[in-house]
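See structure below.
2 protein chains.
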Amino acid sequence: MVELDFSKGNGLIPAIAQDYKSGKVLMMAYINKESWGKCLETGEVHYWSRSRQELWHKGVQSGNIQKIKDIFVDCDNDTVLFTVEQIGRAACHTGFESCFYRKVDKNGDFIIVGEKIFDPDKVYGKK
Amino acid sequence: MVELDFSKGNGLIPAIAQDYKSGKVLMMAYINKESWGKCLETGEVHYWSRSRQELWHKGVQSGNIQKIKDIFVDCDNDTVLFTVEQIGRAACHTGFESCFYRKVDKNGDFIIVGEKIFDPDKVYGKK
């Protein structure tokens, strides 16, 4: 049975979500033991929200859940890579397909390269 | 000019290296301000080694450096994605192409799925 090493990061380890078809890196967030257990049990990605300090079933509010296709663990047992089917095509709360929708150009500035799939105001409501 | 948020992780943020051609996720390690500066300056990935507590010019010992093709920053400015040309074809110190060379099977055990490119005993010397 796989044992992850949660000791280095105060109980948290980074988890990368990658689209299983396109290979695009969609996001990176953290998991703890509880969310790891939920991932294995449900087949859907559950992170740990550092800002809210709670279990985060990704996509529950927007509908954009992540169905786990495969799970890979790195050589140190302290990082996880999920290949996922991204329901709703967008992983980022900004509405972009990937959280990594900004590229650093030669002057060190951002250029937007990602595709915006949804309007976050409509999905989450205006604040 | 891009400003990364190093505040949440005690001066460190995660950096993912992805092969620019195959889309394979090769590894994840950490960068601090100094390594970020070195990445921009040299075009080669420099991490911060948490175990050695020093700047880590990836591949200097093995020859397997990572040439940066593009840099993406996530929506929170606290994770970086490098697309890289992996010199020597292997990123992992175990000799595998990717650090994520083990897949979790249905019983929760590891199966090795990655390709071993080099023998680490030959590259780093026996301990």
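Protein chains in written order, with the numbering used here: chain D, 4 to 130; chain Y, 4 to 130.
C-beta atoms are modelled at their ideal positions from N, C-alpha and C, and glycine is treated no differently.
* Asked: What residue does the beta strand (DSSP E) around GLU57(D) start on, and which one ends it?
  -> Taking the first sequence and counting its residues from 1, the one referred to as residue 57(D) is at position 54. GLU57(D): member of the beta strand (DSSP E) spanning 57-60, first to last residue.
* Asked: With a cut-off of 8 angstroms, do at least 3 Cβ pairs link the region 94-104 of chain Y to the region 75-93 of chain D?
  -> Yes, the region 94-104 of chain Y touches the region 75-93 of chain D.
* To do: Just confirm the distance between the C-beta atoms of LEU29(Y) and VAL28(D), as a whole number of angstroms; I'd bet it's less than 8 angstroms.
  => Within the second sequence, residue 29(Y) is the residue found at index 26, counting from 1. Within the first sequence, residue 28(D) is the residue found at index 25, counting from 1. 11 angstroms between Cβ atoms; not a contact.
* Hey, how far is the Cα of CYS102(Y) from the Cα of LYS125(D)? -> What you label residue 102(Y) is simply residue 99 of the second sequence in a count that begins at 1. What you label residue 125(D) is simply residue 122 of the first sequence in a count that begins at 1. If you draw a straight line from the Cα of CYS102(Y) to the Cα of LYS125(D), it comes to about 39 angstroms.
* Check whether the Cβ atoms of TYR50(D) and ILE68(D) lie closer than 7 angstroms to each other. => Counting from one through the first sequence, the residue named residue 50(D) turns up at place 47. Counting from one through the first sequence, the residue named residue 68(D) turns up at place 65. Contact: no.
* Asked: Looking only at C-alpha atoms, which of TYR127(Y), LYS72(Y), SER52(Y) and TYR23(Y) sits nearest to GLU37(Y)?
  -> Within the second sequence, numbered from 1, the residue matching residue 37(Y) stands at position 34. Comparing Cα-Cα distances from GLU37(Y) to each of TYR127(Y), LYS72(Y), SER52(Y) and TYR23(Y), the minimum goes to SER52(Y).
* Quickly, what does DSSP pair GLU88(Y) with across the bridge? List them, please. => For this step, residue 88(Y) is matched to residue 85 along the second sequence. Looking at the DSSP assignment, GLU88(Y) forms a beta bridge with LYS70(Y).
* Interface positions of the region 74-92 of chain D facing chain Y (Cβ-Cβ less than 8 angstroms), listed along the chain -> ILE74, PHE75, VAL76, ASP77, CYS78, ASP79, THR82 and LEU84
* Roughly how many angstroms separate the alpha carbons of VAL48(Y) and LEU15(D), rounded to a whole number? -> Reading the second sequence from its first residue, position 45 is the one you call residue 48(Y). Reading the first sequence from its first residue, position 12 is the one you call residue 15(D). Each residue's Cα considered, the two are about 25 angstroms apart.
* Would you kindly work out how many angstroms separate the C-alpha atoms of ILE115(D) and GLY128(Y), rounded to a whole number? => Position 112 of the first sequence, counted from the start, is the residue given in the question as residue 115(D). Position 125 of the second sequence, counted from the start, is the residue given in the question as residue 128(Y). Their backbone Cα atoms lie some 45 angstroms apart in a straight line.
* Asked: For GLN64(D) and chain Y, any beta-carbon pair shorter than 7 angstroms?
  -> Your numbering for residue 64(D) matches position 61 in the first sequence. Not closer than 7 angstroms to any Cβ of chain Y, the Cβ of GLN64(D) fails to qualify, so no.
* For THR45(D), return the contacting residues in chain Y, with the cut-off set at a CB-CB distance below 9 angstroms. => Position 42 of the first sequence, counting from 1, holds the residue named residue 45(D). Simply none; closest approach about 14 angstroms.
* Asked: Closest to ILE71(D) by CA distance: which of ASP8(D), VAL5(D) and ALA18(D) is it?
  -> Counting from one through the first sequence, the residue named residue 71(D) turns up at place 68. Closest by alpha carbon: ALA18(D).
* To do: Closer than 8 angstroms by C-beta to SER25(D): which residues in its own chain qualify, once you throw out the five before and the five after it? Chain order, please.
  => As a first step, residue 25(D) must be located in the first sequence, where it is residue number 22. Counting only Cβ-Cβ distances below 8 angstroms, and skipping sequence neighbours, we find nothing.
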